[in-house]
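Student: I'd like to ask you about the structure that follows.
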Amino acid sequence: MNESLINEQTFIFTCLCLSVFRIYLEVIRFDFAKLPLTKALPTPVQANFHKFGFYMAIGYFVLFAPEYLMA
187 MNESLINEQT FIFTCLCLSV FRIYLEVIRF DFAKLPLTKA LPTPVQANFH
237 KFGFYMAIGY FVLFAPEYLM A
């Protein structure tokens with residue numbers, strides 16, 4: 187029997203909250219170029235790195251939000 191410290195529903199809900207927060211940061215036009223991780227990346231990679239994160243957040247929201255909205 188596999189037991190974990192965090193169950194699957196809690197993990198999904200936590201990731202869903204993080205994706206909503208990421209989408210919110212994009213809506214308020216947060217400047218991701220000021221983050222320390224972004225400054226460490228080469229300039230051409232910076233925009234693609236954050237764009238990929240935004241698309242992942244939208245995808246996660248679209249896939250898992252209906253489960254919580256319908257429940």
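So for the sequence shown, our numbering puts the first residue at 187; every next one is plus one. Where is the CB? At the ideal position from N, CA and C, for every residue including glycine.
With a CB to CB cut of under 6 angstroms and the five nearest residues on each side skipped, what residues in its chain are close to residue 250?
Tutor: The answer, listed in chain order, is 198, 202.
Student: So the candidates are 237, 242, 244; which of them puts its Cα closest to the Cα of residue 219?
Tutor: The shortest C-alpha separation from residue 219 is found at 237.
Student: Output yes or no for whether 8 angstroms exceeds the beta carbon distance between residue 208 and residue 239.
Tutor: Closer than 8 angstroms, so yes.
Student: State the Cα-Cα distance for the pair residue 225 and residue 217, rounded to the nearest angstrom.
Tutor: Roughly 12 angstroms between the two C-alpha positions.
Student: Can you check which of these residues, 257, 256, 241, is closest to residue 206 by C-alpha distance?
Tutor: Ranking the options by Cα distance to residue 206, first place goes to 241.
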